[in-house]
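First comes the structure, then the notes that go with it.
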Amino acid sequence: MSFSSHNKMNFLKNLNTQQLKAVTAPANGILQIIAGPGTGKTKVLTSRVAFLLISEKIKPEHIIVTTFTKKAANEMIERLEKILENTNIDITRLLIGTFHSICFKIIKKYGFKMGLSDFTIADERDKDHYIKEVLTKELTKAVLNYINNTPKELDLIRSKSSNEKYHDIDLNKLKRQISRLKSSGYLPDEYKILPNSNRILYFIYEAYQRKLQEVEKKLDFDDCLLYCHKLITKYPLLHFIKHVLVDEFQDTNKIQLHLMYAFAKGHIADTKFQNNVTIVGDPDQSIYGFRDAQTINFKSMKEYYANKDLKCEIITLNDNYRSTNDILDFSELVMKQEPDRVTKQLTSQFTTSIKPVFKSANSPENEAKKIVYEIKYLLSLPSQPIKPNDIAILVRSGFQSSVIEKELVSQKLPYHMIRGRAFWDRKEVVAIMDYLKACGDPNDRISIMRTLNYPKRGIGAKTLEKIEDAIIKSKKDLKMTPRETLRALADNKHKVEKLAPKVRSSLSSYLNVIEGGEKLLPENNTDSRKPSEIINQELFDFVYSQSGLEKEYKSDEEQNRIMIENIEEIRRQFNEFKTGDDRWYDASSDEEEEEEEEVEELENRNTIIQFIESIGLYESSDGGANEYDENNESKTPKISLSTIHGSKGLEWPVVFVPGLTEGILPAKYASGETAVDEERRCFYVAVTRAKVLLYVTNYIETSFNMWRQNYDQASRFIKELSSQNYFEERQACFENSKNLEILYKLLGNDDPQLEGFDCVNFFKGYKKNWTSFGRGAPFSTDYGGSSSSDLGGFSSASSNLSSTSKNKKRKFSASTTVQLSDRHSDPIIVTSNNTNQHVIRPNSSSSSGSNDNKAPAYTPVRKGSSKKLGMKR
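Start counting the sequence shown at 17; every next residue gets the next number (the working numbering).
Structure below.
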């Protein structure tokens, strides 16, 4: 296909010089694109794929693209479809997804070569269950004696408190160590022979892995990567791949790095298409060390290919399209604290700028009040240029959110939580997902046992143990599925175990639900006239109703409102889920017949199994912005409340970052230079979500409080900066109309029409009213000595704009700039209009207050989201 004749280079026109250089680099080569925040990473990566397809004429089935989430993959596909609209390129043949999803596709196709046929996924809850079973039931006496007699080795995974049931082992530490070994590429026998291997960890790891594979025929998420790597390095299954692209490279761990090498190995006889890789990432945004992500992978990649006499080209994107220069300058000052870091030179595309605000409080409640006070004034500006959905509050740890939520509710400010992985751990979400799994997979013992007596069916704990023992023994001795065993027990036909009539009746009732659900699967539905969404809805509604969950939650709708809303969210996702996400067009064969058989084989996995797998395989473990639901748009604009990890990939005009206190950010458990560096990068990610206004807050508690940890020092990340006038103490853009015009222009309003607005008194109220608000008085923009009609605010801002002022035009020069002052002088904003210069020196005095009133009881709002709440890159 002639590129010029089809005129398909239009997608290159809007790229800047560095972006264009990165996108059009030759396909035959190794490329690192260092893309700082707001530099158009997604646009560049998408354009790079389009260039390879159109200009370099690589077939889509010969390209692998790894993304951080399924959402990112879907977004890229949508963009590519528009670019390729008038071509004959079938983008559905592109192998794109998370590392986990791509690896699982390969295992499903070729896993039989390593004895992994028909394996399913063990999610994190399954993993917990299996590890507990190993510790309580499956360790030999010899291993238990070794654990008891070698306390030094146990220290690696020892619990802080005595835990006899699990032999004083901390389950989270144990899981973490096993995951770390898999992320480093070690199976039990490989770990065993390492010089510094821990014998106790080896014994448990070996027992856990044996249980997963030999007994349960499961792979956990780490196994997907580890076994795929072993598979494709042993067999040349991907010899047809000609280019590999990796998004969010800073979030890759060791095994993912080596998977990338293996993906890109190419055909032994085609040197042109060997080791062709494009990675996009930013070392400064590497914040997933807890998942073994390594910033060193950038260096390791260069060294790996250098050893093959291959050069790695590096292109850096420096033009920032998101944030103002003051925000970028501040973020760079923070990151310069990290030793041996390469300095960034990000340049904002905004011509004006407003300095960040820093506020310190004396308690978390007081800090929350200060945040809400600032938000109230931002929302009180005339014509409301800033709406709730333009504002985000980003916390380092989940525990920070409760006091902020209380204050938001107290002040009647709408907000929503950007849900992360915690959403999938909610009791009601786990319950409905387990019921779906029990319907879709007759072998899923764990889901069956979790749902068998929930809601309660009158089956006692001892009887449940008998049933589970019968399931395990029947599977081992009689090769019966858990569901077959349940049916035998219910019908009193089990060869060994006999149950009371009442229990058998309860089992029959339960089986009617999961067997009835299986019959409603789209694959088993004979009415082809119904759309898949309707079939999915009928299945979901049957399970929800017949299981008793609906009755359980709706017995008190007010009390269980959040539960019901979360169930509705699962229903929406399930109804909209399309099968075939795990389809893979294997380019190793050009035979259409074989290809059709392959597609059919993959699609034989029923809708429920594909849906369940998609939750774990296609999403990040943190979720957050990556599970941000843009389709479920709320009618009410809401403030976004999120963890920093959950905010990654999103941006807002206004961002608050609370908790800049030692023990919070950096977190108290961050010990050592590496951990502190990652905490600093968390802060960097948070502040670079801000487009126009940035607020940084903390609280310093000087009095001892026996009920919670004392936080008595400012964060090391801002301690020096806050004392050197890098911040404003108040929002200077409120001070006068010139400053306010800067804000409106940055927000996209070139004609704010502020003539009728009394900015002077508004600023006086802003300075004075904090003291009373901090003590619990109702919010007001009113300033003593002036009538409310002269002031801005919720009730008065619009009335201050007279009808005559709407006809007047205020000129605002594009040459206006905001400069960072000398660090030892007062901050200044300078606006120029060619003929004159106006210097504004904000009042540097501060006021403080205490929080004497308690916020009323509240119910967090967690459902709903909007495209407007978090704007994409």
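All C-beta atoms in this analysis are idealised placements derived from N, C-alpha and C, irrespective of residue type, glycine included.
In the DSSP assignment, what residue or residues form a beta bridge with Leu349? In DSSP, Leu349 forms no bridge with anything.
Below 7 Å CB to CB, which residues in the same chain sit around Leu68 once its five sequence neighbours on both sides are set aside? Ala43, Ile74, Ile79 and His259
May I ask which residues mark the beginning and end of the beta strand (DSSP E) holding Thr659? Ile655 to Thr659
DSSP puts Ala408 in a beta bridge; with which residues? In the DSSP assignment, the residues bridged to Ala408 are Ser656 and Val671.
DSSP beta-bridge partners for His259? Ile79
Figure out for me which residue from Tyr389, Arg587, Ile464 and Lys492 has the closest Cα to the Cα of Thr713. Ranking the options by Cα distance to Thr713, first place goes to Tyr389.
Below 8 Å on the Cβ atoms is my contact criterion, and I expect Asp308 with Asn269 to pass it. Report the Cβ-Cβ distance as a whole number of Å. 4 Å
So does the segment 289 to 304 actually touch the segment 43 to 54, counting three or more Cβ pairs closer than 8 Å? The answer is yes - the segment 43 to 54 touches the segment 289 to 304, with three or more Cβ pairs under 8 Å.
For Tyr715, list the residues DSSP reports as bridge partners. Ala377
Mind the definition here: the segment 54 to 66 touches the segment 328 to 338 only if three or more C-beta pairs lie below 8 Å; say whether that holds. Segments in contact, yes.
Can you tell me the Cβ-Cβ gap for Gln266 and Thr311, rounded? I've got them flagged as a contact below 8 Å. 6 Å
Secondary structure at Leu28, three-state DSSP: helix, strand or coil? helix
Taking only the alpha-carbon atoms, compute the straight-line gap between Leu28 and Val293 and give it to the nearest angstrom. It is roughly 20 Å from the alpha-carbon of Leu28 to the alpha-carbon of Val293.
Which term fits Gln747, buried or exposed, when burial requires 16 or more other beta carbons within 10 angstroms of its beta carbon? buried
How would you label Gly675, buried or exposed, when you count the other beta carbons within 10 angstroms and need 16 or more for buried? By the 10 Å Cβ count, Gly675 comes out buried.
In angstroms, rounded to a whole number, what distance separates the CA positions of Val446 and Asn179? 26 Å
Would Ile434 pass as a contact of Ser663 if the rule is Cβ separation under 8 Å? For Ile434 and Ser663, yes; Cβs fall inside 8 Å.
Exposure of Tyr243, with buried meaning 16 or more beta-carbon neighbours within 10 Å: When all chains shown are included, Tyr243 counts as buried.
Does Val425 come out as helix, strand or coil in the three-state DSSP assignment? helix
Let me check understanding here. Comparing Cα to Cα, which of Phe279, Trp668 and Lys735 lies closest to Ala702? Trp668
Taking 8 Å as the threshold (C-beta atoms), are Pro204 and Glu891 in contact? Residue 891 lies beyond the residue range present for the chain, which begins at 17 and ends at 889; the question has no answer from this structure.
Backbone CA spacing between Gln34 and Thr359 [nearest angstrom]: Using only the alpha carbons, I get a separation of about 17 Å.
Going by CA-CA distance only, name the one from Ser522, Glu500, Glu573 and Leu452 that's closest to Gln553. Leu452
What are the boundary residues of the alpha helix (DSSP H) that Tyr126 is part of? Looking at the DSSP string, the run of the alpha helix (DSSP H) that includes Tyr126 is Phe115 to Tyr126.
Buried versus exposed, by CB contacts within 10 Å (16 or more), Leu4: Beyond the ends of the chain as shown, which are 17 and 889, falls residue 4; an answer cannot be given.
Please list the terminal residues of the continuous beta strand (DSSP E) segment that includes His283. Here His283 belongs to no beta strand (DSSP E), and DSSP marks it neither H nor E.
Asn102 - DSSP class collapsed to helix/strand/coil: coil
Span separating the alpha-carbon of Arg442 from that of Ser418: Roughly 17 Å between the two C-alpha positions.
Quick check: the Cα distance between Leu505 and Ile625, rounded to an integer number of angstroms? 26 Å
Quick check: the Cα distance between Leu275 and Asp238, rounded to an integer number of angstroms? 13 Å
With which residues is Ser364 paired in a DSSP beta bridge? Asn336
Would you say Asp325 reaches chain C, if we count a Cβ-Cβ gap shorter than 8 Å as a contact? Absent here is chain C; the protein component of the structure consists of one chain.
Closest by CA to Met351, which one among Pro794, Arg732, Lys780 and Phe789? Arg732
Any chance the segment 208 to 219 sits against the segment 103 to 122, with 3 or more Cβ pairs inside 8 Å? Taking one beta carbon from each stretch, the segment 208 to 219 and the segment 103 to 122 have fewer than 3 pairs nearer than 8 Å; the two do not touch.
With a threshold of 16 other CB atoms inside 10 Å of the CB of Asn729, please say whether the residue is buried or exposed. Residue identity check: residue 729 is Gln in the sequence provided, not Asn. Gln729 is exposed by the Cβ-count criterion.
Tell me which residues share the same chain as Lys594 and place their Cβ nearer than 8 Å to its Cβ, disregarding the 5 neighbours each side in the sequence. Ser548
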